[in-house]
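Per our numbering, numbering of the sequence shown is gapless, rising by one per residue and ending at 320. Structure first, commentary second.
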Amino acid sequence: MNIEHGIPSAIEAVAKFQFADYVEDNPTLLSLYHKAKRNQWDAHMDIDWTYELNEDNPLAMPDGTIAIYGSSTWDKMSEKNRADLRNHVQGWNISQILHGEQGALFCASRIAQSEPDMVIKYCNAVQVMDEARHIEVYSRLMSKMKNSYPISGALYKLLEQIMGESRHDFASLGMQILIEGLALTFFKNVQAYSNDPFVKNMQALVLRDEARHFATGQVALSGFYPQLMEHERREREEFVVEACHTLREHLFGEDIWTPMGIPRSECRELIRASQINQSMQRSVFRHLVPAVSGIGLMGREATRFFDNIGVLSYAAA
């Protein structure tokens with residue numbers, strides 16, 4: 004991976020251009036498309052960018068949302084070190100969201116090119132605009148923060164797998180279901196716990212778009228996967244399980260700790276045992292498990308994986 008200025012310079016991709024018949028025969032997706040057109044907003048005009056963030060806690064999040072909060076490592080920290088940690092944790096999170104939004108732009112444009120269904124093309128063409136707006140939002144937010152980070156190894160690995168796959172549905176499965184499901188959890192947590200009206204308003208606008216993208220992926224794939232052969236569905240299921248392993252690694256946020264002077268091995272053990280991290284993982288899979296079940300990929304391997312990590316009960320949600 005070649006990284007310059009915090010982002011990978013290139014990802015090798017495989018794609019084809021697919022013309023579609025001019026048939027609009029999916030009313031649910033058409034409804035999402037019309038909703039997307041009605042709900043467009045302007046990142047430049049609808050957000051007050053003159054607003055100043057709190058230097059010690061830019062997203063105004065409670066300390067109880069930091070994975071090592073309450074640990075012996077946290078208790079030994081000075082108030083200055085805690086403020087530094089807040090900035091690093093929040094800078095890392097916003098950096099990953101920003102990189103993920105650019106990945107989502109790649110994937111939505113890829114789906115619009117290669118999807119054989121015209122209404123799905125409509126939805127993803129609008130999503131390209133949404134993702135451009137989100138990149139604008141998080142780039143400007145990032146410029147107000149002290150710390151920025153390159154894309155995490157886990158997130159890059161997943162994007163590389165998605166973009167290197169020639170089958171058109173993998174972009175929707177990998178991005179609109181798995182990565183968007185992860186992002187939705189972060190957006191909802193910030194929306195719920197931030198005490199800053201600027202941050203909450205920004206998240207509310209983005210969250211509205213992201214929830215629609217997540218729904219678009221579920222509707223599109225739930226119509227497509229029943230048409231596949233069993234071995235083809237099993238290949239998608241195996242991809243889901245591998246991707247979920249990768250997403251769990253991403254949640255450790257290991258890049259944060261070295262700049263703070265805390266050994267990665269020490270923090271990895273703290274985070275692995277952290278109730279806060281476990282709660283975050285449950286929140287992520289509360290979105291992902293019902294979606295995976297709803298699109299028809301809850302086979303034996305996925306069932307075993309979700310059962311092993313204690314989230315299989317969410318399939319009935």
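Virtual Cβ for every residue (Gly too), placed ideally from N, Cα, C. Bear in mind that the values here come from a model prediction, so they are computed numbers and not experimental data.
Residue i, buried or exposed, once every other Cβ within 10 Å from all chains shown has been counted against 16
{"i": "Gln93", "result": "buried"}
{"i": "Asn311", "result": "exposed"}
{"i": "Met48", "result": "exposed"}
{"i": "Asp120", "result": "buried"}
{"i": "Phe255", "result": "buried"}
{"i": "His8", "result": "Annotation note: pLDDT 42 at His8 (below 50); position unreliable, no value reported."}
{"i": "Lys124", "result": "buried"}
{"i": "Phe22", "result": "exposed"}
{"i": "Phe337", "result": "Here the chain covers residues 4 to 320 and nothing more, so residue 337 does not appear."}
{"i": "His234", "result": "exposed"}
{"i": "Gly103", "result": "buried"}
{"i": "Glu55", "result": "exposed"}
{"i": "Val26", "result": "exposed"}
{"i": "Phe20", "result": "exposed"}
{"i": "Ile6", "result": "In this prediction, Ile6 has a pLDDT of 38, which is less than 50 and means its spatial position is unreliable; what the coordinates show is noted afterwards. By the neighbour-count rule (16 or more Cβ atoms within 10 Å), Ile6 is not buried but exposed."}
{"i": "Ser74", "result": "buried"}
{"i": "Arg41", "result": "exposed"}
{"i": "Arg307", "result": "exposed"}
8 Å Cβ cutoff met for residue i and residue j
{"i": "His137", "j": "Val209", "result": "yes"}
{"i": "Asn152", "j": "Trp95", "result": "The residue asked about is misnamed: residue 152 is Tyr in this sequence, not Asn. It is a contact, given that the beta carbons lie within the stated cut-off."}
{"i": "Ile97", "j": "Met64", "result": "no"}
{"i": "Cys126", "j": "Leu35", "result": "yes"}
{"i": "Ile100", "j": "Ala174", "result": "no"}
{"i": "Thr68", "j": "Tyr196", "result": "yes"}
{"i": "Leu315", "j": "Phe309", "result": "yes"}
{"i": "Met263", "j": "Leu88", "result": "yes"}
{"i": "Ile50", "j": "Met205", "result": "yes"}
{"i": "Gly156", "j": "Ile165", "result": "no"}
{"i": "Gly302", "j": "Arg237", "result": "yes"}
{"i": "Val140", "j": "Leu33", "result": "no"}
{"i": "Ala207", "j": "Leu187", "result": "no"}
{"i": "Leu181", "j": "Leu273", "result": "no"}
{"i": "Asn150", "j": "His216", "result": "no"}
{"i": "Gly220", "j": "Gln194", "result": "no"}
{"i": "His248", "j": "Leu158", "result": "no"}
{"i": "Ala318", "j": "Pro293", "result": "yes"}
{"i": "Ser286", "j": "Asn198", "result": "no"}
Candidates the options, of which the one nearest residue i by Cα
{"i": "Arg321", "options": "Glu257, Lys38 and Lys79", "result": "Outside the displayed span of the chain (4 to 320) sits residue 321, for which this structure offers no information."}
{"i": "Asp59", "options": "Glu82, Asn29, Met205 and Arg41", "result": "Glu82"}
{"i": "Arg170", "options": "Asn42, Ala186 and Tyr228", "result": "Tyr228"}
{"i": "Ala107", "options": "Lys203, Glu183, Leu88 and Arg41", "result": "Glu183"}
{"i": "Gln105", "options": "Asn57, Lys79 and Leu162", "result": "Leu162"}
{"i": "Thr31", "options": "Ala218, Val193 and Asp199", "result": "Ala218"}
{"i": "Val295", "options": "Gly73, Asn280, Ala207 and Leu224", "result": "Leu224"}
{"i": "Glu118", "options": "Lys79, Asp172 and Met80", "result": "Asp172"}
{"i": "Ala305", "options": "Leu56, Asn192, Gln284 and Val243", "result": "Val243"}
{"i": "Arg85", "options": "Glu55, Gln278 and Ile259", "result": "Ile259"}
{"i": "Lys160", "options": "Ser268, Val292, Arg215 and Ala246", "result": "Ala246"}
{"i": "Asp133", "options": "Gln116, Ser112 and Gln278", "result": "Ser112"}
{"i": "Phe268", "options": "Ser277, Gln278 and Glu257", "result": "The question names Phe, yet the displayed sequence has Ser at residue 268. Selected option, being the one with the closest Cα: Glu257."}
{"i": "Asp45", "options": "Asp66, Ala135, Phe201 and Pro200", "result": "Ala135"}
{"i": "Tyr72", "options": "Ala319, Cys270, Val292 and Ser286", "result": "Cys270"}
{"i": "Gln43", "options": "Asn57, Met80, Val129 and Gln116", "result": "Val129"}
{"i": "Leu185", "options": "Glu241, Glu240 and Gln284", "result": "Gln284"}
{"i": "Asn29", "options": "Ile154, Gly226, His253 and Arg307", "result": "Gly226"}
{"i": "Asn57", "options": "Val131, Ile265, Pro200 and Arg239", "result": "Pro200"}
Legend entry - Residue ranges of each alpha helix (DSSP H) within the stretch 41-125, 4 or longer: Qualifying alpha helix (DSSP H) stretches, in chain order: 75-78 and 82-117.
Legend entry - Segments assigned alpha helix (DSSP H), at least 4 residues, entirely inside the stretch 203-291: Listed in chain order, the complete alpha helix (DSSP H) runs (minimum 4 residues) inside the stretch 203-291 are 233-253 and 267-276.
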